[in-house]
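Below you'll find the structure, written out as structure tokens, and then a few comments.
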Amino acid sequence: MRAFLARSVAISALLAVAGCMAPPAPGYRDTTQPLSITTRAAPDLWQGTWHLRAATPGDGEAHQFEFDAGRITPDCAPDCGTGWMVTPIGANRWQLTTSQGQTRELWLIWIDDSRRTAAFGEPDGGYAWVLDRSASGGADRIQAAREILDFNGYDAGQIALRQDKKDAS
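As numbered in mature numbering (1 follows the signal peptide of the UniProt record, and there is no 0), residues -22 to -1, 1 to 147 make up the sequence shown, in order.
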């Protein structure tokens, strides 16, 4: 009887702790589908401004990112923070870390031949981005990036086009 009560208390405690845990974040990728990354990029390629042209929900009102010396800084309305420290974890894969210590991975899945448009994502499907050097134009490249993300298991229906806030009028 004592063993039964002890097990019941232990199971109840585990269930109580599990009930306090945050629910998993929404995933925008079928993680059973293989994920490929490109080998066509060099670290210095990312320096400068990249405009967020399409993305899964999240990251607030981010509309462009500044890549500079191991840091990615989003430009948002209103302020969305100081950005992420960037640590390489493999070819075309990085870990992004906020000043609060939160992390996420950034994988380069595709980049066009002219290196103007890129598709990025997180392997667990937490987010996907289509970044471009220009705030407008290149609809064919943006569509190609969305199709590549779809091919790699991301939910294309959740990858919404965005207009650069500075470009909107």
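Even glycine gets a Cβ: it sits at the ideal position worked out from N, Cα and C.
These figures come from a predicted structure and were not determined experimentally.
- Message: I'd like the span of the alpha helix (DSSP H) that includes residue 137, first residue to last.
- Response: Along the sequence shown, read from residue 1 onward, the residue named residue 137 stands at position 159. Unbroken run through residue 137: none, as it is neither H nor E.
- Task: May I ask you to verify whether the stretch 121 to 140 touches the stretch 4 to 18, counting CB pairs closer than 8 Å and requiring at least 3?
- Result: yes
- Same chain, Cβ closer than 7 Å to residue 66, five either side skipped, listed in chain order: By 1-based counting over the sequence shown, the position of residue 66 is 88. Answer for residue 66: 72, listed in chain order.
- Task: Would you grab the beta carbon distance between residue 150 and residue 138 for me? Rounded to a whole angstrom, and I think it's under 8 Å.
- Result: The displayed coordinates of the chain run from -22 to 147. Any statement about residue 150 would go beyond what the structure contains.
- Given that a residue counts as buried once 16 or more other Cβ atoms are within 10 Å of its Cβ, and exposed if not, what is residue 11? Reading the sequence shown from its first residue, position 33 is the one you call residue 11. The residue is exposed, with fewer than 16 neighbouring Cβ atoms inside 10 Å.
- Query: Going by C-alpha distance, which of 30, 20, 121 is nearest residue 69?
  - Reply: For the purposes of this step, residue 69 is taken as the residue at position 91 of the sequence shown. Nearest option by C-alpha distance: 20.
- Would you kindly report the start and end of the unbroken alpha helix (DSSP H) that includes residue 31? Here residue 31 refers to the residue found at position 53 when the sequence shown is read from its first residue. Looking at the DSSP string, residue 31 is not in any alpha helix (DSSP H); the run it does join, the beta strand (DSSP E), is 26 to 33.
- Query: Exposed or buried, what is residue 34 when buried is set at 16 or more other beta-carbons lying within 10 Å of its beta-carbon?
  - Reply: The residue you call residue 34 lines up with position 56 of the sequence shown. When all chains shown are included, residue 34 counts as buried.
- Task: Can you tell me which of 18, 107, 13 puts its alpha carbon nearest to the alpha carbon of residue 92?
- Result: Taking the sequence shown and counting its residues from 1, the one referred to as residue 92 is at position 114. When each option's Cα is compared against that of residue 92, the closest is 18.
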